[in-house]
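Quick note: the sequence shown uses this note's numbering, first residue 944, plus one each step.
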Amino acid sequence: MTYKILSKTQYSESLNLSVEYTFDDNSTLVTDVAIFAPSTVEDVNQSIINRGLTEQTRMNMANQVASIIPQIEVGVTVEVQ
944 MTYKILSKTQ YSESLNLSVE YTFDDNSTLV TDVAIFAPST VEDVNQSIIN RGLTEQTRMN
1004 MANQVASIIP QIEVGVTVEV Q
């Protein structure tokens, strides 16, 4: 995964970033990352990385659900024993 900060804005004690992630499968995602009261640049970088990992997990789960859709039969009566 890589990321690129596209924009940054401060709202009071919060930092809002627009970040473009490129994941290992070459898919991309642009999303906003809000960071409350960061103390250091390292805090900001870690927050960006954590958000990217969360987004990757979310995309993996969505792909997993999509992969089982063809196996689910609609309109079939199933007897429960």
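Note that beta-carbon positions come from the ideal geometry of N, C-alpha and C, so glycine has one too.
CA-to-CA distance, residue j to residue i, given in whole angstroms
i: Thr952; j: Val987; result: 13 Å
i: Leu972; j: Glu963; result: 6 Å
i: Ser982; j: Arg994; result: 18 Å
i: Ser955; j: Phe966; result: 31 Å
i: Pro1013; j: Gln1007; result: 12 Å
i: Leu960; j: Gly1018; result: 47 Å
Helix, strand or coil at residue i according to DSSP, with G and I counted as helix
i: Val986; result: Per the sequence presented here, residue 986 reads as Asp, with Val not at that position. Asp986: helix per DSSP, three-state reduction.
Beta bridge counterpart(s) of residue i as assigned by DSSP
i: Val1008; result: Val1008 is not bridged to any residue.
Proximity winner among the options, relative to residue i (alpha-carbon distances)
i: Gln970; options: Val1019, Thr945, Ser950 and Gln989; result: The question names Gln, but residue 970 is Ser in the sequence shown. Closest option to Ser970, Cα to Cα, is Thr945.
i: Ser957; options: Ala977, Ser1010 and Ala1009; result: Ala977
i: Asp968; options: Val1023, Ile1015 and Asn1003; result: Asn1003
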